[in-house]
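Here is the structure we will look at, set down as structure tokens.
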Amino acid sequence: MRRRTNVRTWIRLTGAAAMTAALAWSPATPAQGAPAIRAKLVVGSLNVPTAFTFGPGNRIWYVEKATGEIRIHDLGTGSDSLFDTVPGVNADGERGMLGIALDPGYPTDPYVYVYATRSVSGALENQILRLTDSGGMGTNRTVILSTPASSSPYHNGGRILFGPDGMLYAIVGEGHNPANAQDTSQNDRGKILRMTPSGGVPSDNPFANSRIFAYGIRNSFGFAFDPRKNRLWETENGPSCNDELNLIRKGANYGWGPNETCSGSSPANTNQDGPNPVRPKRWYTPTIAPPRPSEQRQAVLRRVQHRCDQGRHAERQANRRDRATDRVHASFRCAVDGGRAERGPVFQRLRRDLQARAVLITEAGGPSRSRRPAVRWSAGMLVSPASRRSVDA
161 MRRRTNVRTW IRLTGAAAMT AALAWSPATP AQGAPAIRAK LVVGSLNVPT
211 AFTFGPGNRI WYVEKATGEI RIHDLGTGSD SLFDTVPGVN ADGERGMLGI
261 ALDPGYPTDP YVYVYATRSV SGALENQILR LTDSGGMGTN RTVILSTPAS
311 SSPYHNGGRI LFGPDGMLYA IVGEGHNPAN AQDTSQNDRG KILRMTPSGG
361 VPSDNPFANS RIFAYGIRNS FGFAFDPRKN RLWETENGPS CNDELNLIRK
411 GANYGWGPNE TCSGSSPANT NQDGPNPVRP KRWYTPTIAP PRPSEQRQAV
461 LRRVQHRCDQ GRHAERQANR RDRATDRVHA SFRCAVDGGR AERGPVFQRL
511 RRDLQARAVL ITEAGGPSRS RRPAVRWSAG MLVSPASRRS VDA
């Protein structure tokens, strides 16, 4: 029987309306005439789904971050079936199974595409794989793109989709190294890629013998073609300033690079590197972390979990007597076996986001044994005992 975490996960059926709302949204008040968007729970208790797409027959195809599973949910019958499990997925930080797309000719062309970070012969690779749908099961798993993943588990990208031109587009993050975003010499990091359905280089790409379609990209989790003019729009997470909505043009430079800073005037301060940097159509300071505000909270939680895991391991090696707490750096502390949560900036941010008085993170599945826990870490989620509110991380 398939194990599932107790995370309540929402799949939002917003489609083009979400893009319309994003264009009309302002931090202060909703724009007049903006469409109302309401969330409806379609299926819950999933294991950290990261991407989904719609297919024929009233079905949702989705992927799970850590399990490597590609699954199909039938909206008519409510059935949920396994299509394939991609082996060797590395789900540290923002790695994992991150994108899915169906061939534009599906089911006549019965191909399913996924983006995954995988361990391959001891090395980490970001890969796009193509599978053949054979009676509802994935067969003939073929790698059509493989590019080295960064040593950092963040800024990994992972979204894929087909354009109206029949080409496959993919986002690859700059891997926590801004210089990658300005390097167009066969360096895929910090780019939007465009390729043929078999992974080849289209003859009309802007750079010779390269899949690079646009560059100067920092860390993006979403893009879509609008249905009116077939233009490509991209949402991009900034550092502590300038979350962006960009209109992507062929061969254009979106300005992220080694000299970016949040001091100075927005949005030029994070869009200044390389030739002719293109400014975003909208930007948000302070950041909202598109595609939805909750992503900012989730990104913070992922960083907290990662730092706790890394710090706990390092601290126990250095000082096995300190079993209550493990120091990661001067402003961050993870409580592992109970104890007090440090009041550093990361925890302050979490406390504000979750409206909790204190934050305590414990080992997965273990109850907090501190005297007044407000939040505990449990099998991939944070739970606030006071409100029974859960937030998937």
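Position one of the sequence shown corresponds to residue 161 (this note's numbering), numbered consecutively onward.
We put the CB at the ideal spot given by N, CA and C, even for glycine.
With distances taken between CB atoms, is the gap from residue i to residue j smaller than 8 Å?
i: A341; j: G376; result: yes
i: L291; j: D244; result: yes
i: A211; j: G256; result: no
i: G204; j: S241; result: no
i: N300; j: R278; result: no
i: E394; j: R378; result: no
i: R349; j: V332; result: yes
i: A261; j: I320; result: yes
i: H336; j: S312; result: yes
i: P264; j: F322; result: yes
i: P216; j: P267; result: yes
i: G417; j: G398; result: no
i: H315; j: E334; result: yes
i: V208; j: E224; result: yes
From the DSSP output, in three-state form, read off residue i for me.
i: A251; result: coil
i: F383; result: strand
i: H336; result: coil
i: T430; result: helix
i: A330; result: strand
i: A309; result: coil
i: V535; result: Note that V535 scores 37 on pLDDT, short of 50, meaning its location in the model is unreliable; the coordinates nonetheless yield the value given after this. Residue state, collapsed to three classes: coil.
i: A226; result: coil
i: Q287; result: strand
i: A196; result: coil
i: A341; result: helix
i: I304; result: strand
i: S279; result: strand
i: G215; result: strand
i: A261; result: strand
i: N436; result: coil
i: F367; result: coil
i: A374; result: strand
i: K441; result: coil
i: N207; result: coil
i: L353; result: strand
i: H233; result: strand
i: P447; result: According to the sequence provided, residue 447 is Thr. The question's Pro does not apply to it. Coil.
i: L201; result: coil
i: R487; result: Caution is warranted here: a pLDDT of 35 is assigned to R487, below 50, making its placement in the model unreliable, and no coordinate value can be reported.
i: G298; result: strand
i: T268; result: coil
In its own chain, which residues sit with a C-beta less than 6 Å from the C-beta of residue i, not counting the 5 before and 5 after it?
i: N218; result: L235 and G236
i: N431; result: G415, P437 and R439
i: V246; result: G228 and A276
i: G259; result: A211, Y275, G318, R319 and I320
i: G248; result: R278 and S279
i: I232; result: R219, W221, S241 and F243
i: K410; result: P366
i: K441; result: L405 and L407
i: T143; result: Past the boundaries of the shown model lies residue 143; the chain is included only from 161 to 553, so the question cannot be answered.
When burial is assigned at 16 or more other CB atoms within 10 Å of the CB, is residue i buried or exposed?
i: F373; result: buried
i: I352; result: buried
i: Y271; result: buried
i: A283; result: exposed
i: G326; result: exposed
i: F385; result: buried
i: I230; result: buried
i: T447; result: buried
i: D403; result: buried
i: A478; result: Low per-residue confidence applies at A478: pLDDT is 32, beneath 50, and the placement is therefore not dependable, though the value from the model is reported in the following sentence. That one is exposed.
i: I288; result: buried
i: F214; result: exposed
i: S380; result: buried
i: S310; result: buried
What residues in its chain sit with their C-beta under 7 Å from that of residue i, if we drop five residues either side in the sequence?
i: S294; result: none
i: Q346; result: S370
i: T445; result: C401, N402 and S426
i: D269; result: D263
i: R354; result: M327, Y329, P362, N365, R371 and F373
Is residue i near the ligand HEM, with its Cβ less than 7 Å from a heavy atom?
i: G417; result: Absence of the ligand HEM from the depicted structure is noted, as is the absence of any ligand whatsoever, leaving it without description.
Can you list, in chain order, the residues of its chain whose CB lies under 8 Å from that of residue i, leaving out five sequence neighbours each side?
i: F383; result: R319, L321, Y329, I331, I352, L392, W393, E394, T395 and I408
i: A421; result: A small correction: the amino acid at residue 421 is Thr; Ala does not occupy that position in the sequence shown. Closer than 8 Å at Cβ, skipping near neighbours: N429 and T430.
i: S358; result: R290 and I304
i: T356; result: M327, L328 and P362
Taking only runs of the beta strand (DSSP E) that begin and end inside the region 385–410, which ones reach a length of at least 3 residues, in chain order? 392–396 and 403–408
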